[in-house]
Amino acid sequence: MSRVRQAVKTLVEFAVSVDRLPLFQLNPEVIRFAGLCDEYSLVCEEPHVVIQRLVERAGRRSEAARPPPGGEA
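Here you go:
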């Protein structure tokens with residue numbers, strides 16, 4: 422299985438870096454079969470989970486950009 426994992430990883434890295442293929446266009450079943458979900462968790466997650474994380478991250482960024490209450494920072 423390590424040969425399959427390495428082959429798929431090489432193809433994914435090539436597609437993402439050379440062809441500029443977005444991660445969301447990768448087939449999650451291939452990534453799961455190769456055991457690469459730990460490296461490409463964005464591909465393996467369900468879409469609603471990814472969207473929820475992005476919304477939470479955006480909320481944390483906007484909170485961090487606000488000045489503290491009661492004066493200037």
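For the record, in the sequence shown the residue sitting at position 19 is 440 according to the numbering used here, with numbers rising by one throughout. The beta carbon of each residue, even a glycine, is placed where N, CA and C say it ideally should be.
Chain-order list of residues whose beta-carbon lies under 8 Å from that of residue i (same chain, five-residue window excluded)
i: PHE445; result: LEU463 and VAL464
Same chain, Cβ closer than 6 Å to residue i, neighbours up to 5 away in sequence not counted
i: VAL425; result: ALA455
i: GLU434; result: none
Element boundaries [alpha helix (DSSP H), containing residue i]
i: VAL476; result: 468-486
i: LEU463; result: 462-465
i: LEU432; result: 423-438
i: PRO490; result: Per DSSP, PRO490 belongs to no alpha helix (DSSP H) and is neither H nor E.
Reduced DSSP category for residue i - H, G, I as helix; E, B as strand; rest coil
i: LEU444; result: helix
Nonlocal neighbours in the same chain, by C-beta distance under 7 Å from residue i, ignoring five residues either side
i: VAL451; result: VAL429
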